[in-house]
Amino acid sequence: MKVLFLDKAHSILEQRLTDAGYTCIDGSEFSDSECISLALDVVGIVIRSRFRMDSEFLEHAPNLKFIARSGAGMENIDEDYCEKRAIELHNAPEGNRNAVGEHALGMLLALFNKLHTGDAEVRNGKWDREGNRGVELDGKTIGLIGYGNNGTAFAKKLRGFDVTVLAYDKYKNGFGTEFVQEVKLETLFEKADVVSFHIPQNEETIFFANELFFNSFEKSIYLINLARGKVVLTSALVNVMKSGKVLGACLDVLEYEKTSFESFFEQDVDPNFSYLLKSPNIILSPHVGGWTHESYFKLSNVLADKILRTV
Numbered sequence: 000m001k002v003l004f005l006d007k008a009h010s011i012l013e014q015r016l017t018d019a020g021y022t023c024i025d026g027s028e029f030s031d032s033e034c035i036s037l038a039l040d041v042v043g044i045v046i047r048s049r050f051r052m053d054s055e056f057l058e059h060a061p062n063l064k065f066i067a068r069s070g071a072g073m074e075n076i077d078e079d080y081c082e083k084r085a086i087e088l089h090n091a092p093e094g095n096r097n098a099v100g101e102h103a104l105g106m107l108l109a110l111f112n113k114l115h116t117g118d119a120e121v122r123n124g125k126w127d128r129e130g131n132r133g134v135e136l137d138g139k140t141i142g143l144i145g146y147g148n149n150g151t152a153f154a155k156k157l158r159g160f161d162v163t164v165l166a167y168d169k170y171k172n173g174f175g176t177e178f179v180q181e182v183k184l185e186t187l188f189e190k191a192d193v194v195s196f197h198i199p200q201n202e203e204t205i206f207f208a209n210e211l212f213f214n215s216f217e218k219s220i221y222l223i224n225l226a227r228g229k230v231v232l233t234s235a236l237v238n239v240m241k242s243g244k245v246l247g248a249c250l251d252v253l254e255y256e257k258t259s260f261e262s263f264f265e266q267d268v269d270p271n272f273s274y275l276l277k278s279p280n281i282i283l284s285p286h287v288g289g290w291t292h293e294s295y296f297k298l299s300n301v302l303a304d305k306i307l308r309t310v
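First residue of the sequence shown? That's 0 in numbering that gives the first Met the number 0, and the numbers climb one at a time after it.
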């Protein structure tokens, strides 16, 4: 039984699969055609984001039993096609949820306290205390859109602050606790000071955060997006930042990301992205919200659990 790794993963996954009798093939450096050739007799494929698992690729893997995605998002997999062929799909949102929660909190605190501008200015010989006066998180209302693994983890990190946490999830109910209030989207529009996205990318969520969405809030808000870049329409975000409806944003993901993250800057820079790059009220990171040394292990260990539980 062969498993083809199209991307790098922590060695614990290969170790546990090998111990269970699988033969693991490292195809992370192979060309598209080489991977297609290797797919002919594999029963499993491990991916991150390098290839799209569509029918054009998967038809070359007639014996495929499972695809394991080292991460949470499944937008690069044709789920309908896999369902028709009874190909099991595994992802591992449990593996990086803590990392995402910590990253979201870190970005928000950095933005509120202007740590990014203060650090840059001091390094360049500028000592501006008043210009770097911060905003406190305590007393704010945090609105979460999506309350799965990552939304829950962020809510947990917020427990040490005197904040109100509201959560809206179209597909879940009955999840309210003493720390989190389950609400409708309209309630977020009315009460939120900070809005954080924790939803997958699909037909319903692409450009969910458009100009109408932002202008539905009664207050000016801060935005956090550690979900998927195409959840937020960048041109709309720029417009509402210029109008003052959005006061600042923490963006770990961007609309302009390609399938291969590493090739991000091999494209023309959109004027709206240029605005984000120059704005002192924006904090950016390169899609690393769930990308810690600890999560690297946990993602693979969770996948091993799921694969071995179903075979």
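Using N, Cα and C, we set each Cβ at its ideal position, and we do this for glycine too.
Just so it is clear, the structure is predicted and the values come from calculations on it, not from any experiment.
For Cys-249, DSSP records a beta bridge to Ile-223, Ile-282. In the displayed model, Lys-241 falls within a helix according to three-state DSSP. For Gly-173, there is no enclosing beta strand (DSSP E), as DSSP gives it neither H nor E. In terms of Cβ geometry, Val-162 and Phe-213 do not form a close pair [threshold 8 Å]. Exposure of Gly-243 is indicated by the presence of fewer than 16 other C-beta atoms within 10 angstroms of its C-beta. Each of Ala-226, Ile-282, Tyr-295, Tyr-255 was checked against the Cα of Pro-270, and the nearest Cα belongs to Tyr-255. For the options Thr-140, Glu-120, Phe-50, Lys-218, the alpha carbon positioned closest to that of Val-182 is the one of Thr-140. Annotated three-state conformation of Met-106 is helix, per DSSP. Note on the region 144-211: whole beta strand (DSSP E) runs with a minimum of 3 residues are 163-167, 179-181, 193-196, in chain order. DSSP places Gly-117 within a helical segment (H, G or I) once states are collapsed to three. Proximity of the region 103-113 to the region 27-46 falls short of the contact definition, fewer than three beta-carbon pairs being nearer than 8 Å. When the beta-carbon positions are compared, Ile-44 and Leu-63 come within less than 8 Å of each other. With fewer than 16 neighbouring CB atoms inside 10 Å of its own CB, Ser-30 falls in the exposed class. Within the region 18-66, complete beta strand (DSSP E) segments of at least 3 residues are found at 22-25, 41-46, given in chain order.
The DSSP-derived three-state label of Phe-264 is coil. Nearest neighbour of Ser-195 by Cα position, chosen from Gly-173, Val-252, Ala-19, Leu-307, turns out to be Val-252. Of the candidates Leu-88, Leu-187, Pro-61, Leu-88 places its Cα closest to the Cα of Ile-46.
In the three-state reduction of the DSSP assignment, Thr-309 falls in the coil class. Taking a C-beta distance under 8 Å as the contact criterion, His-102 and Ser-299 do not qualify as a contact pair. No Cβ-Cβ contact shorter than 8 Å links Val-230 with Gln-266. In the three-state reduction of the DSSP assignment, Leu-5 falls in the coil class, being assigned neither a helical nor a strand state.
Cβ contact annotation for Trp-126 (same chain, cutoff 8 Å, sequence separation greater than five): Glu-120, in chain order. Here Ile-76 carries a strand assignment [DSSP, helix/strand/coil]. The DSSP-derived three-state label of Thr-140 is strand.
Straight-line measurement puts the Cα of Gly-289 at about 20 Å from the Cα of Ile-66.
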